[in-house]
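Under our numbering, the first residue of the sequence shown is numbered 1, with each subsequent residue one higher.
Ideal Cβ positions, reconstructed from N, Cα and C, are used throughout, including at glycine.
Notes follow the structure.
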Amino acid sequence: DQIRQSLIDQGFSESSVDDALDPTQYESLSVLADKPVGASLEGYLYPESFERSPSSTATDIIKQSLAQMAKQLTAERKAGFAKQGLTTYQAITLASIVEKEAVTNSDRAQVAQVFISRLHANMTLGSDVTAFYGAKLAGAGQSVSYDSPYNTRLYRGLPPTPVSNASAVSLDAVARPSSTNWLYFVAGDDGVVHFSRTL
Numbered sequence: 001d002q003i004r005q006s007l008i009d010q011g012f013s014e015s016s017v018d019d020a021l022d023p024t025q026y027e028s029l030s031v032l033a034d035k036p037v038g039a040s041l042e043g044y045l046y047p048e049s050f051e052r053s054p055s056s057t058a059t060d061i062i063k064q065s066l067a068q069m070a071k072q073l074t075a076e077r078k079a080g081f082a083k084q085g086l087t088t089y090q091a092i093t094l095a096s097i098v099e100k101e102a103v104t105n106s107d108r109a110q111v112a113q114v115f116i117s118r119l120h121a122n123m124t125l126g127s128d129v130t131a132f133y134g135a136k137l138a139g140a141g142q143s144v145s146y147d148s149p150y151n152t153r154l155y156r157g158l159p160p161t162p163v164s165n166a167s168a169v170s171l172d173a174v175a176r177p178s179s180t181n182w183l184y185f186v187a188g189d190d191g192v193v194h195f196s197r198t199l
């Protein structure tokens, strides 16, 4: 929704933006090979700045973003995802959570490690950002208690789709999480993420 609004703010018509964000027209692109049928482009629009000429269309911008994401999904990163037991789509979904949860780039590999450890232990991820995403999709505001498939405080496993787009740093964090053994973290009032083995 933020990308949609940004494109509209740049002068593209709502209808052209909605057409540009329709994933069906990009199905032949290899970058979307792991995207489930019917899923939106959430998670695949690489966060970057793209040049626009007077003749550029909203679809041109989306194609540039998808092409940039394709460059990020290297064989090395995909091998890292597989080593963690994740498909590419699952890895993108997890990277989107890491992107929103981590305070600094240096925290990302540890945050990824926590979530991967919790997945392997069949624990809930307990991510506020996924709960917020599901609540906002349903028009329920920002709530950690709203019952949706995205609420990883209530349901085990990953949410149905990514909850944002992910940077190269977050994709790397999922491909190569830290070797720590944390199971919990919290962002403190001091702006520092604190990690722990226990609640």
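Alpha carbon to alpha carbon, what distance is there between residue j and residue i?
| i | j | result |
| --- | --- | --- |
| R108 | G139 | 29 Å |
| S15 | I3 | 14 Å |
| Y46 | P162 | 12 Å |
| Q110 | Q5 | 32 Å |
| R52 | R153 | 41 Å |
| Y172 | Q84 | Reading the sequence as shown, one finds Asp at residue 172 and not Tyr. If I take the Cα positions, the gap works out to 12 Å. |
| D60 | P54 | 12 Å |
| P23 | A39 | 8 Å |
| F50 | Q64 | 7 Å |
| A131 | I97 | 11 Å |
| P160 | A102 | 20 Å |
| R176 | G80 | 6 Å |
| Q119 | L125 | Here the sequence assigns Leu to residue 119, which means Gln is not the residue at that position. Each residue's Cα considered, the two are about 7 Å apart. |
| F185 | D147 | 23 Å |
| K71 | A168 | 10 Å |
| V192 | S127 | 17 Å |
The alpha helix (DSSP H) that contains residue i, what's its start and end?
| i | result |
| --- | --- |
| S65 | 58-72 |
| L137 | 128-137 |
| S15 | 14-20 |
| T88 | 88-101 |
| R118 | 108-120 |
| G11 | Neither: G11 is in no alpha helix (DSSP H) and is coded neither H nor E. |
| S170 | 168-175 |
| R77 | 75-83 |
Starting from the C-beta of residue i, find all residues in its chain whose C-beta is less than 6 Å away, skip the five residues before and the five after it, and write them out in chain order.
| i | result |
| --- | --- |
| K100 | V129, S164 |
| I92 | G43, P162 |
| G188 | H194 |
| A112 | V98, A173, V174, P177 |
| S196 | Y184 |
| S170 | A95, V98, E99, R108 |
Counting only the same chain and skipping the five closest in sequence on each side, list residues whose C-beta sits under 8 Å from that of residue i.
| i | result |
| --- | --- |
| S56 | none |
| L121 | According to the sequence shown, residue 121 is Ala rather than Leu. Within the same chain, A121 has close Cβ partners L183. |
| L66 | Y26, L29, V31, L32, L41, Y44, L45, Y46 |
| L7 | V17, A20, A58, I61 |
Ends of the beta strand (DSSP E) at residue i?
| i | result |
| --- | --- |
| S28 | It is not in any beta strand (DSSP E) - S28 carries neither H nor E in the DSSP assignment. |
Return the chain-ordered list of same chain residues with a C-beta closer than 7 Å to the C-beta of residue i, the five sequence neighbours on each side being excluded.
| i | result |
| --- | --- |
| L158 | Q90, T93, L94 |
| G141 | A135 |
| F12 | A58 |
Identify the residues that DSSP records as bridge partners of residue i: which are they?
| i | result |
| --- | --- |
| A187 | V193 |
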